[in-house]
Amino acid sequence: MHKLILETELVPETCWYTNLRSILTPKNWKMLSQAVRERSGGICPICGMEAPMEELDAHETWGYNDITHEQYLEKIVGICDNCHMVKHIGKANVDGLYDVAREWHAAVNDISVEESEEIITNDFQVWKERSQHNWRLLIDPNVLLEYMPREWVVSQIERLEEKGVLLK
Ligand SMILES: [Zn+2]
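What follows is the structure in structure tokens.
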């Protein structure tokens, strides 16, 4: 099986409500997500579809350490609505859009719907297992430096520290 271009990113149920967006002030999240979207140049970096910058979603990508149960911010990407729907296919399922999302998953990855179904079923199993644990969220300020000027990042450190998510 070749590497997938578009993978689901099911966030464990136990950390649905903690993310960078919820930690920053609305104003600061707006500044950051704007910078992320501008980075895309109006093209979804996953499927390559043209999309006006204001229509792209700033998506937080997380890495999971299944031994320590720590969740790390890896990057933030400006992606199109369809790809974002696949990332959060659990939500798409609740919204009655599972088939639409699975078809996009199959099309972008250039695999059959059956292969896609198998991969997504496995992703849900991993999600189920991860949802049984509490996760510690960790944010490395260096990730934010990819998108924002140093002084902005420095001004966020105290808040990250207060919220207990600063990776030292
Ligand atoms: Zn896309």
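Everything in the sequence shown is counted per the numbering used here, starting at 1388 for the first residue and increasing by one. For every residue, glycine included, the Cβ atom is placed at its ideal position computed from N, Cα and C.
In the DSSP assignment, find the alpha helix (DSSP H) that holds residue i and state where it starts and stops.
{"i": "W1416", "result": "1413-1426"}
{"i": "Q1519", "result": "It is not in any alpha helix (DSSP H) - Q1519 carries neither H nor E in the DSSP assignment."}
{"i": "Y1404", "result": "Premise fails: Y1404 is in no alpha helix (DSSP H) and is neither H nor E."}
{"i": "Y1485", "result": "1485-1496"}
Taking 7 Å as the limit between beta carbons, can you name the residues of its chain near residue i, skipping five residues before and five after?
{"i": "S1499", "result": "A1493"}
{"i": "A1415", "result": "The sequence shown places Asn at residue 1415, rather than the Ala named in the question. For N1415, where only same-chain residues beyond five positions count, the Cβ hits under 7 Å are Q1543."}
How many Å lie between residue i and residue j at the Cα?
{"i": "P1413", "j": "L1407", "result": "11 Å"}
{"i": "E1442", "j": "R1489", "result": "21 Å"}
What I want to know is whether the C-beta of residue i ends up closer than 8 Å to one or more non-hydrogen atoms of ligand 1.
{"i": "C1344", "result": "The requested residue 1344 is not part of the displayed model; the chain covers only 1388 to 1555."}
{"i": "V1423", "result": "no"}
Suppose the cutoff is 6 Å on Cβ atoms and the five residues either side in sequence are ignored; what does the same chain contact list for residue i look like?
{"i": "S1564", "result": "No answer is possible for residue 1564: it lies beyond the span of the chain, which begins at 1388 and ends at 1555."}
{"i": "V1379", "result": "Only positions 1388 to 1555 of the chain appear in the structure, and residue 1379 is not among them; the question remains open."}
{"i": "L1553", "result": "L1547"}
{"i": "K1478", "result": "none"}
{"i": "V1495", "result": "I1392, L1393, C1434"}
Can you tell me where the beta strand (DSSP E) with residue i in it begins and where it stops?
{"i": "N1452", "result": "1444-1452"}
Can you tell which of the options has the C-alpha that lies nearest to the C-alpha of residue i?
{"i": "H1456", "options": "K1550, R1537, R1517", "result": "R1517"}
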